[in-house]
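Colleague: In order, the protein sequence lines correspond to chains P and G.
The working numbering puts the last residue of the first sequence at 268; the count rises by one with no breaks.
The working numbering puts the last residue of the second sequence at 536; the count rises by one with no breaks.
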Amino acid sequence: MNPTSNPPVIEINNLVAGYGGREILHGVNLTVNEGEIFVIMGGSGSGKTTLLRHILGLNTPTSGSVSVLGKNITHASRKELYELRKQFGVAFQSGALFGSMTVGENVQLPLREHSRLDDATIGIMTRMKLEMLNLAGFEDLMPSELSGGMLKRAGLARAVIMDPKLLFFDEPSAGLDPIVSAALDESILMLREAMRMSIVVVTHELESAFRIADRIMILFQGSVAITGTPEEVRNCDDERVQDFLNRRSVEEQLEPDEYLRRLTGHIQ
Amino acid sequence: MKRILDKIGGDALYFLNQAGLLTIFLFTTLQRMVMPPYRLFPVVKQIHFIGARSMLVILVAGTFTGMVIALQFYNTLVRFGSVNLLGSAVGISLIREMGPVLTALMVIGRAGSAICAEIGIMRSDEQIDALECMAIDPYRYLIAPKIIAGVISLPVLTFIFIFIGIMGGYLVGVLIFGVGEGAYFQGMYDGVLWSDIQMGLVKSLVFGLIIVWIASAKGFLLHLDRSGAYGAEGVSRITTNAVVLSSIAILFADYLISALMHEPGMAS
Numbered sequence: 001m002n003p004t005s006n007p008p009v010i011e012i013n014n015l016v017a018g019y020g021g022r023e024i025l026h027g028v029n030l031t032v033n034e035g036e037i038f039v040i041m042g043g044s045g046s047g048k049t050t051l052l053r054h055i056l057g058l059n060t061p062t063s064g065s066v067s068v069l070g071k072n073i074t075h076a077s078r079k080e081l082y083e084l085r086k087q088f089g090v091a092f093q094s095g096a097l098f099g100s101m102t103v104g105e106n107v108q109l110p111l112r113e114h115s116r117l118d119d120a121t122i123g124i125m126t127r128m129k130l131e132m133l134n135l136a137g138f139e140d141l142m143p144s145e146l147s148g149g150m151l152k153r154a155g156l157a158r159a160v161i162m163d164p165k166l167l168f169f170d171e172p173s174a175g176l177d178p179i180v181s182a183a184l185d186e187s188i189l190m191l192r193e194a195m196r197m198s199i200v201v202v203t204h205e206l207e208s209a210f211r212i213a214d215r216i217m218i219l220f221q222g223s224v225a226i227t228g229t230p231e232e233v234r235n236c237d238d239e240r241v242q243d244f245l246n247r248r249s250v251e252e253q254l255e256p257d258e259y260l261r262r263l264t265g266h267i268q
Numbered sequence: 269m270k271r272i273l274d275k276i277g278g279d280a281l282y283f284l285n286q287a288g289l290l291t292i293f294l295f296t297t298l299q300r301m302v303m304p305p306y307r308l309f310p311v312v313k314q315i316h317f318i319g320a321r322s323m324l325v326i327l328v329a330g331t332f333t334g335m336v337i338a339l340q341f342y343n344t345l346v347r348f349g350s351v352n353l354l355g356s357a358v359g360i361s362l363i364r365e366m367g368p369v370l371t372a373l374m375v376i377g378r379a380g381s382a383i384c385a386e387i388g389i390m391r392s393d394e395q396i397d398a399l400e401c402m403a404i405d406p407y408r409y410l411i412a413p414k415i416i417a418g419v420i421s422l423p424v425l426t427f428i429f430i431f432i433g434i435m436g437g438y439l440v441g442v443l444i445f446g447v448g449e450g451a452y453f454q455g456m457y458d459g460v461l462w463s464d465i466q467m468g469l470v471k472s473l474v475f476g477l478i479i480v481w482i483a484s485a486k487g488f489l490l491h492l493d494r495s496g497a498y499g500a501e502g503v504s505r506i507t508t509n510a511v512v513l514s515s516i517a518i519l520f521a522d523y524l525i526s527a528l529m530h531e532p533g534m535a536s
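1) Roughly how many angstroms lie between the CA atoms of F138 of chain P and G104 of chain P, to the nearest whole one?
2) Under three-state DSSP, which class holds D170 of chain P?
3) For I404 of chain G, go through chain P and note every residue whose CB falls closer than 7 Å to its CB, in chain order.
4) Closest by CA to S147 of chain P, which one among P:I161, P:K129, P:D170 and P:V180?
5) Output the distance between the C-alpha atoms of E113 of chain P and C401 of chain G, rounded to the nearest integer angstrom.
6) Starting from Y19 of chain P and walking both ways along the beta strand (DSSP E), at which residues does that stretch end?
7) List, from N- to C-terminal side, the alpha helix (DSSP H) runs of 4 residues or more that fit wholly inside the region 170-250 of chain P.
8) Taking one C-beta from the region 73-82 of chain P and one from the region 239-249 of chain P each time, how about it: are there three or more such pairs within less than 8 Å?
9) What is the residue span of the alpha helix (DSSP H) that E297 of chain P lies within?
10) Among the residues of its own chain, which have a CB less than 7 Å from the CB of D464 of chain G, if the five just before and after it don't count?
11) Give me the Cα-Cα distance between L490 of chain G and G499 of chain G, rounded to the nearest whole angstrom.
12) Going by the CB atoms, is the gap between A403 of chain G and F92 of chain P shorter than 7 Å?
13) Anything in the region 188-213 of chain P with a Cβ closer than 9 Å to a Cβ of chain G? List those residues in chain order, please.
14) Using the three-state DSSP reduction, which class does E23 of chain P fall into: helix, strand or coil?
15) Mapping DSSP to helix, strand and coil, what is M269 of chain G?
16) Work out the CA separation of A338 of chain G and T297 of chain G for me, nearest whole Å.
17) Among the residues of its own chain, which have a CB less than 7 Å from the CB of E171 of chain P, if the five just before and after it don't count?
18) Given that D397 of chain G touches chain P, what residues does it touch there, using C-beta distances under 9 Å?
19) Please classify Y19 of chain P: is it buried, with 16 or more other beta-carbons within 10 angstroms of its beta-carbon, or exposed?
20) Would you report the Cα separation of I326 of chain G and I315 of chain G, rounded to the nearest angstrom?
21) Can you check which of these residues, P:I226, P:T229, P:A225 and P:Q221, is closest to E23 of chain P by C-alpha distance?
22) In chain P, what lies closer than 8 Å to E501 of chain G by C-beta?
23) Quick check on DSSP: helix, strand or coil for L339 of chain G?
24) How long is the line joining the alpha carbons of S515 of chain G and F445 of chain G, rounded to whole angstroms?
25) Please list, in chain order, all residues of the same chain as L469 of chain G whose beta carbon is under 7 Å from its beta carbon, the five residues on each side excluded.
26) How about M301 of chain G and A379 of chain G: do their beta carbons lie closer than 7 Å?
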């Protein structure tokens, strides 16, 4: 079955968002379908992390709506948001593991907080997930004893410990060597196959994105440049997209008056 | 001139904004604290950190404070031939003022700064966002146990400080200067009123709340800090900030409680 034709799990309509009066996202539209691996791409400062934070309900948008698993989270109460978040997992860029807990304790934290399972069952489930992500035997280590790639995989194990319907992964490849990065991509594909989850990945790594994505969205200065299959993205004739795909830096075009104003310190 | 006014206005707005944020933080924590599930272990762990591990510094500070108070009072009282008042002078100063205030300042230096840095790093490292995404309320999970532990630990530490301070006073007054042992303790028994003990207790409870509240709030709100600095620099800045602010808040609260609980015409 082609996941791009499945019912949507995330729907974003005309999302406008920013920080302290500075607009970052200018009317973003996006749909992620069930079982799909959807990759959000863009250069630094393009707004991809801001977009992810809005999908997770960590930030409130200026306008527009965000629906996750059929629930509009734009005006959801804290209780509703928490109920919804129990159905999704988030793997953060740095792993975001708690330094005072062992890897095993970190991974099993959501189970301890949200289930009434006994210690033995929690232990088995933790070891299963660690095994799945090639971290078997590391459960008694502290996060400070792990490498960058292992930290990300441990963060991923924690994100999937509750068998979520929806998984978010922020910058899986950032700071990793190509081999570890490729292994992490394999883990993402394996998780989709094994657990049938929908996965949203935020990244700026082209190779990784084209390897795992069913569809890719490229953000450019807070607006969507294109959303489509890897093939559609590759063949897109938008200059910004091609610049991004070919790693060409885009020089900001300025009017002479604007340039002069900047130099003299009157930037609006 | 306009620049100076701008600066004053900006500072005033920042101060009001911070005061508002800190107040909202406190009330949110108090509100979430009463929500189940209630867990004893995190509170015990924090009592160990804030209370038990501050013991050494409290014992040392208490001994020397008691000794210096006895030394100073003895030098004054001996001129008026009233050395039998030494016990009551040492007791009252320690119970009403020195015990609660110095204990609080010691705990700020040892535990308050550590709490602020710990929570600040958790904010900077996305661990607080991770808790939110796991549907675990960071106020209930992270902050509430520390506040409860602070309010329990401070009165106990203050009691220990006062006890050891009285013993330090005994060492100087009785063993070195030869004030009668009976006069020292009977003077204390006669001079210290129940209202003095009440005041000491109220102060230590309030100080316990203030220390943990300000330290946790500054760390928790790191991302809203005016300097915009994140990471190591941001954490070091807010930690210094938290130590200064909580020390000032303790001295202000000390005066306020003393003034409010002051009984006109009281002998002491």
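Just so you know, even glycine gets a beta-carbon here, dropped at the ideal spot from N, CA and C.
None of these values were measured; they are calculated from a predicted model.
Modeller: Straight from the coordinates:
1) 8 Å
2) strand
3) E113
4) P:V180
5) 13 Å
6) P8 to Y19
7) 178-195, 206-212, 230-234 and 239-245
8) no
9) Outside the shown range of chain P (1 to 268) lies residue 297 of chain P, about which nothing can therefore be said.
10) I360, I363, R364 and S536
11) 9 Å
12) no
13) none
14) strand
15) coil
16) 42 Å
17) Q93, V202 and T203
18) R53, L56, L58, V90, F92 and A96
19) exposed
20) 15 Å
21) P:Q221
22) Chain P residues near E501 of chain G: none, gap ~17 Å exceeds 8 Å.
23) helix
24) 35 Å
25) P423
26) no
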